[in-house]
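> Before we start, here is the structure in question, set down as structure tokens.
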Amino acid sequence: MGTHHTAASTGKRAAMPDNPPGDIPGEEFRRYGHEIVDWIAEYLQHPEDYPVLSQVTPGEIARALPDGPPADPEPLSDVLADFERVIMPGITHWNHPGFMAYFGVTGSAPGILGELLAAALNVNGMLWRTSPAASELEAVSLDWLRQLLGLPPSFEGIIYDTASISTLVAVAAAREATGLPYREQGSAGLPPLSLYCSEHAHSSVEKGAITLGIGQQGVRAIPVDEAFRMDVGVLREAIDKDRAAGRLPFCVVATAGTTSTTSVDPIPAIAEVAAENNLWLHVDAAYGGAAAILPEKRWILEGAERADSLVMNPHKWLFTPIDLSAFFSPRLDTVHAAFSLVPEYLRTGDGEVRNYMDYGPQLGRRFRALKLWFVLRAFGADGLRSRIRDHIRLAGDFAAWVDAAPDWERLAPVPLSVVCFRAAPARMNEEALNALNQRILDRVNQAGRVFLSHTRLRGMLTLRVAIGNIRSDRAYVRLAWEELVAALAAELSVPV
Ligand SMILES: *Cc1c(COP(=O)(O)O)cnc(C)c1O
């Protein structure tokens, strides 16, 4: 590396024999490759050496970087040094055992190694022939995952980057399934479409409707019951009302594990309504789906065998590095009809093969299946089950601590690994409680040992502990609780 640097700075780069066109020497790749793998191994053993939530202020990282790219080659040792010096302080550590905000996207060592190999191969799996193994491993690894989830063999899988895109694809397929020429004409001269989901559905459902031109006014947010599950009676009424008004109800999205509280919509009853009204049923199990690999939690996907499509994210709670979203459908022919548009130069005559470019808006696709295959094999079904089971058990422990503490209250049931709760000392009004809980959250997150997020339930600022990190253990979940208790005590200015 040193010689490159010298050559560059003398301005005679083109003439230097040690700086030929092409990639850096294999020798250097090997040296830095080993160095980086060592760095990663160290990091994965001790992510808790860093504050879980990055402590930088907006613009701080950008200001520490040059305004433009270097004209001359820089040694990788310099790049690595700046990675540690400039980039690392701006990292929020999703690998940290104290990361309990949102839903974790928890990777794992086997997943990282699979990702490394995928980057090295750098294939574009748009067609079967552009890398047969990429296409075939995608089909096989998703079929393994399908079996773990207990979905029928008729459900075939496709990998997209995120659940948001999986759901967009589902909504496009649902529109295609109406049999009306929305694909050709847009909405001109056709009935306006109505899509249904619960008011707790993920924003990606609405974004999909926006992207596809269905419009926000085509999305009906159905109210929920006391446990935050879609009210199926109201769903029926909304469909009838839309039909009477000349709209075309075409799709319903049921959520198995909502983002705020992980509530599970009554999928069997929703499937019944979908069947009666000829609606496409899409199940959003982006986070919750992982729990269905446990026999005792399989109920969360009960009724999903009647769905037209389903999404779950191995990158959320199945230890696969982001991004990898698994989409399943017994009607991939409809997905194909919604998206296939093959220019002459991509016609292959390969016969009965699946060309994944025909199943979504994008042409090029990464070899994501490789990392999923590594994860499924390196942990095995039982290894995955025991980790998910632990997380659910820890969430149960946390919920019990909340329930037993007089100054705290739980705000939602805990079917999976997320607990919704708040501090609720006596004699404080709702407004004061909201402010108090915001201050508790800020205090805990500032300290940097755990990172929690919030939601709002029935107007109440709600704290949320989401357990899903592969490194979160009982000690860390206990630490989160102790930090919260200490933060409340500090807020109330009484000794702990
Ligand atoms: C996280 C989440 C999504 C969005 O997932 P992305 O992969 O980030 O797009 C959608 N639905 C639910 C229920 C989620 O929890």
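Quick note, this note's numbering runs 956 ahead of the 1-based positions in the sequence shown.
Every residue, glycine too, gets a C-beta built ideally from N, C-alpha and C.
When the Cα of proline 1299 is compared with those of Met1313, Pro1286, Val1309, Ile1223, which residue comes out closest?
Position 343 of the sequence shown holds residue 1299. Answer by Cα proximity: Met1313.
> Got a sec, what are the start and stop residues for the alpha helix (DSSP H) glycine 1336 sits in?
Here residue 1336 refers to the residue found at position 380 when the sequence shown is read from its first residue. 1325–1360 is the extent of the alpha helix (DSSP H) around glycine 1336.
> Please identify the residue among Gly1081, Ala1230, Thr1167 whose C-alpha is closest to the C-alpha of cysteine 1153.
Numbered from 1 along the sequence shown, position 197 holds the residue referred to as residue 1153. Checking every option, the nearest Cα to that of cysteine 1153 belongs to Ala1230.
> Quick check: what's the CA-CA separation for glycine 1316 versus glutamate 1261?
On the sequence shown, residue 1316 is found 360 positions in, with the first residue counted as 1. On the sequence shown, residue 1261 is found 305 positions in, with the first residue counted as 1. Roughly 23 Å separates the two Cα atoms.
> Let me know if histidine 990 comes out buried or exposed under the rule of 16 or more other beta-carbons within 10 Å of its beta-carbon.
Taking the first residue of the sequence shown as 1, we reach residue 990 at position 34. So histidine 990 ends up on the exposed side.
> Jot down the residue ranges of each uninterrupted alpha helix (DSSP H) in the region 1009–1064, minimum 4 residues, whole runs only, in chain order.
You should have 1016–1019, 1032–1038.
> Rounded to the nearest angstrom, what separates valine 1180 and alanine 1380 at their Cα positions?
Mapped onto the sequence shown, residue 1180 falls at position 224. Mapped onto the sequence shown, residue 1380 falls at position 424. Rounded to the nearest angstrom, the two C-alpha atoms are 24 Å apart.
> In the DSSP assignment, the alpha helix (DSSP H) including threonine 1411 goes from what residue to what residue?
Residue mapping note: residue 1411 aligns to position 455 of the sequence shown, counting from 1. Looking at the DSSP string, threonine 1411 is not in any alpha helix (DSSP H); the run it does join, the beta strand (DSSP E), is 1409–1413.
> Please report the straight-line C-alpha distance between phenylalanine 1354 and valine 1375, rounded to a whole angstrom.
In the sequence shown, counting from the first residue as 1, residue 1354 sits at position 398. In the sequence shown, counting from the first residue as 1, residue 1375 sits at position 419. Looking at the two C-alpha atoms, the distance is approximately 7 Å.
> With DSSP as the reference, please indicate the residues paired to isoleucine 1114 in a beta bridge.
As a working mapping, residue 1114 is identified with position 158 in the sequence shown. DSSP lists Phe1283 as partners of isoleucine 1114.
> Assign threonine 1211 to one of three DSSP states: helix, strand, or coil.
Here residue 1211 refers to the residue found at position 255 when the sequence shown is read from its first residue. Strand at threonine 1211.
> What is the rounded straight-line gap between the Cα of tyrosine 1058 and the Cα of leucine 1149?
For the purposes of this step, residue 1058 is taken as residue 102 along the sequence shown, with counting starting at 1. For the purposes of this step, residue 1149 is taken as residue 193 along the sequence shown, with counting starting at 1. Near 32 Å, if we compare the C-alpha coordinates of leucine 1149 and tyrosine 1058.
> What residue ranges within the region 1067–1154 form continuous alpha helix (DSSP H) runs of no fewer than 4 residues, ordered along the chain?
Runs of the alpha helix (DSSP H) inside the region 1067–1154: 1088–1105, 1119–1132, 1138–1141.
> Take aspartate 1005 as the anchor and find which of Gly1142, Gly1245, Gly1404, Lys1197 has the nearest alpha-carbon.
As a first step, residue 1005 must be located in the sequence shown, where it is residue number 49. Closest by alpha carbon: Gly1404.
> Going straight from the alpha carbon of alanine 1241 to that of arginine 986, what length do you get?
Taking the first residue of the sequence shown as position 1, residue 1241 is located at position 285. Taking the first residue of the sequence shown as position 1, residue 986 is located at position 30. Going from the Cα of alanine 1241 to the Cα of arginine 986 covers about 41 Å.
> Within a Cβ cutoff of 6 Å, which residues of the same chain sit near threonine 1217, ignoring the five residues on either side of it in sequence?
Position 261 of the sequence shown, counting from 1, holds the residue named residue 1217. Around threonine 1217: Phe1184, Ala1368, Cys1376.
> Using the three-state DSSP reduction, which class does valine 1441 fall into: helix, strand or coil?
By one-based count along the sequence shown, residue 1441 stands at place 485. Helix, per DSSP.
> Taking the CB atoms as reference points, tell me whether glycine 1060 and asparagine 1401 lie closer together than 8 Å.
Counting from 1 along the sequence shown, the entry for residue 1060 is found at position 104. Counting from 1 along the sequence shown, the entry for residue 1401 is found at position 445. Result no, Cβ atoms of glycine 1060 and asparagine 1401 do not sit closer than 8 Å.
> Have a look at Val1012, Pro1022, Pro1029, Leu1204 and flag the residue whose alpha-carbon is nearest the alpha-carbon of glycine 978.
In the sequence shown, residue 978 corresponds to position 22, counting from 1. Selected option, being the one with the closest Cα: Pro1029.
> Identify the residues that DSSP records as bridge partners of threonine 1418: which are they?
One-based indexing of the sequence shown puts residue 1418 at position 462. BP columns for threonine 1418 point to Thr1411.
> When the Cα of glutamine 1103 is compared with those of Gly1169, Pro1251, Ala1089, Ile1068, which residue comes out closest?
Reading the sequence shown from its first residue, position 147 is the one you call residue 1103. Of the candidates Gly1169, Pro1251, Ala1089, Ile1068, the one whose C-alpha sits nearest the C-alpha of glutamine 1103 is Pro1251.
> Count the other CB atoms, across all protein chains shown, that sit within 10 Å of the CB of histidine 1347; report buried if there are 16 or more and exposed otherwise.
As a position in the sequence shown, residue 1347 is number 391, starting the count at 1. Buried, by the Cβ-count rule.
> Let me know if tyrosine 1301 comes out buried or exposed under the rule of 16 or more other beta-carbons within 10 Å of its beta-carbon.
Position 345 of the sequence shown, counted from the first residue, corresponds to residue 1301. It counts as exposed.
> When you compare each of Asn1078, Asp1279, Thr1167, Ala1334 to alanine 1126 by their alpha carbons, which one comes out closest?
In the sequence shown, residue 1126 corresponds to position 170, counting from 1. Measuring from the Cα of alanine 1126, the nearest candidate turns out to be Thr1167.
> Which of the three DSSP states, helix, strand or coil, is assigned to tyrosine 1432?
For the purposes of this step, residue 1432 is taken as residue 476 along the sequence shown, with counting starting at 1. Note: tyrosine 1432 maps to helix in three-state DSSP.
> DSSP state of alanine 1247, grouped into three classes?
Within the sequence shown, numbered from 1, the residue matching residue 1247 stands at position 291. Three-state DSSP puts alanine 1247 in a helix.
> Under 8 Å, do methionine 1082 and leucine 1319 count as touching if we go by C-beta distance?
Your numbering for residue 1082 matches position 126 in the sequence shown. Your numbering for residue 1319 matches position 363 in the sequence shown. Cβ atoms of methionine 1082 and leucine 1319: closer than 8 Å.
> Use the C-beta contact count for proline 1053: other C-beta atoms within 10 angstroms, 16 or more gives buried, fewer gives exposed.
Translated into the one-based positions of the sequence shown, residue 1053 becomes position 97. Counting Cβ neighbours within 10 Å, proline 1053 comes out buried, since at least 16 surround it.
> Of the choices Ala1076, Ala1248, Tyr999, Arg1383, whose alpha-carbon is the least far from that of isoleucine 1047?
Your numbering for residue 1047 matches position 91 in the sequence shown. Ranking the options by Cα distance to isoleucine 1047, first place goes to Tyr999.
> Rounded to whole angstroms, what's the CA-CA distance from isoleucine 1121 to glutamate 984? Just pull it up for me.
What you label residue 1121 is simply residue 165 of the sequence shown in a count that begins at 1. What you label residue 984 is simply residue 28 of the sequence shown in a count that begins at 1. Taking the straight line joining both Cα atoms gives about 38 Å.
> Taking the continuous beta strand (DSSP E) assigned at leucine 1237, which residues delimit it?
Within the sequence shown, residue 1237 is the residue found at index 281, counting from 1. Run containing leucine 1237: 1236–1240, per the beta strand (DSSP E) assignment.
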